[in-house]
Amino acid sequence: HFTPHPRDVRLFSSRDSMAEEAKKLAGYAAVDNHVQNNHVVGVGSGSTIVFAVDRLAERVRQEKLNIVCVPTSFQARQLILQHGLTLSDLDRHPELDVAIDGADEVDEALTLIKGGGGCLTQEKIVAGCAKHFIVIADFRKDSSVLGQQWRKGVPIEVIPMAYVPVSRTIAKRFGGEVVLRMAVSKAGPVVTDNSNFILDWKFQHAQNWTVVNTAIKMIPGVVETGLFVGMAERVYFGMEDGTVRIR
Ligand code: 5RP
């Protein structure tokens, strides 16, 4: 067991609380700049999106906005309902004005790693249906090259029966290590909202993400990758100094 020195505990928690504040700054700024009356809004998943939904609900109440929300996960659906927002789906609203979502890491070209929460497939579908895909993140997600900040690898959603062959193919073709994501209890694998498994591909070095993303998607059994290439239009980073940096 690792027991940090009391001085470091203070350091850790202050960085964490700074990150929470930064998530809020990013979420509020994105909602204020990109959501307007009569918009259909895609709602992402994770901890940062919670702040954006808080702000969305506040604006809907205060400004009497007419907003419809399309969720990217069970969590997002619950958030929408808990905030009293109007829930819809892609059957009724296949075209979204804007989708707002978090990310695990963002590089300089706005390529994202997503899926830390395992919701990547529905997140990519919803983002792909939006006229504008806006990402919100705290300063810890900002990276010049993918892999510098997020150490857990690229999440890949797979059909359960294919997880071994897909893992082997990815490791053989692209190097690195591929692990099946286990539940916190370790009692079994994480199961996604689509009843699939998640592989985490710990790549060794930066790659041509457009090529790699397409190649991985072509492996039989792969449902989707957590590489979002050429999708994000803008990223809002909440910073440690209380400002928002827009890329
Ligand atoms: C879930 C995601 C999340 O958006 C991503 O993991 C970021 O989460 P958080 O805002 O908690 O850092 O892709 O599948």
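So in the UniProt record's numbering, spot 201 of the sequence shown is number 231, and the numbers just go up one at a time.
Positions of the beta carbon are idealized from the N, C-alpha and C atoms, including for glycine.
Quiz item: Hey, would you say the C-beta of Ile79 is under 7 Å away from at least one heavy atom of the ligand 5RP?
Solution: Within the sequence shown, numbered from 1, the residue matching residue 79 stands at position 49. For the ligand 5RP, at least one heavy atom lies less than 7 Å from the Cβ of Ile79.
Quiz item: Is DSSP giving Glu93 helix, strand or coil here?
Solution: Residue mapping note: residue 93 aligns to position 63 of the sequence shown, counting from 1. Reduced to three states, the DSSP call for Glu93 is helix.
Quiz item: Is there at least one non-hydrogen atom of the ligand 5RP closer than 7 Å to the beta-carbon of Cys99?
Solution: What you label residue 99 is simply residue 69 of the sequence shown in a count that begins at 1. No, the Cβ of Cys99 stays beyond 7 Å of every heavy atom of the ligand 5RP.
Practice problem: Tell me, to the nearest whole angstrom, how far the beta carbon of Ala167 is from that of Ala236; I am working on the premise that it is less than 8 Å. | Solution: On the sequence shown, residue 167 is found 137 positions in, with the first residue counted as 1. On the sequence shown, residue 236 is found 206 positions in, with the first residue counted as 1. Actually they do not touch by this definition, with Cβ atoms about 19 Å apart.
Self-check item: Nonlocal neighbours in the same chain, by C-beta distance under 6 Å from Ser174, ignoring five residues either side
Solution: Translated into positions along the sequence shown, residue 174 becomes position 144. Correct list, in chain order: Glu138.
Quiz item: What's the C-alpha gap between Ala129 and Val196?
Solution: What you label residue 129 is simply residue 99 of the sequence shown in a count that begins at 1. What you label residue 196 is simply residue 166 of the sequence shown in a count that begins at 1. If you take the alpha carbons of Ala129 and Val196, they lie about 30 Å apart.
Quiz prompt | Ser75, buried or exposed, once every other Cβ within 10 Å from all chains shown has been counted against 16 | solution = Along the sequence shown, one-based indexing puts residue 75 at 45. With 16 or more Cβ atoms within 10 Å of its Cβ, Ser75 is classed as buried.
Quiz item: Excluding the five sequence neighbours on either side, which residues of its own chain have a C-beta within less than 6 Å of the C-beta of residue 24, listed in chain order?
Solution: No information on residue 24 is available, as it lies outside the stretch 31 to 277 that the chain covers here.
Self-check item: Whole-number beta carbon distance between Thr116 and Ile97, since they are thought to touch under 8 Å
Solution: Mapped onto the sequence shown, residue 97 falls at position 67. Mapped onto the sequence shown, residue 116 falls at position 86. Right, their Cβ atoms sit about 7 Å apart.
Quiz item: Under 7 Å from any heavy atom of the ligand ATP, does the C-beta of Asp134 make it?
Solution: Absence of the ligand ATP from the depicted structure is noted, with the ligand 5RP being the only ligands included.
Practice problem: Any chance you could list the alpha helix (DSSP H) runs of at least 4 consecutive residues sitting entirely within the region 194-232, in chain order? | Solution: Correct list: empty.
Practice problem: Quick one: residues in its chain with C-beta nearer than 8 Å to the C-beta of Arg85, no 5 flanking neighbours on either side, listed in chain order? | Solution: Residue mapping note: residue 85 aligns to position 55 of the sequence shown, counting from 1. Correct list, in chain order: Gly57, Tyr58, Val61 and Asp62.
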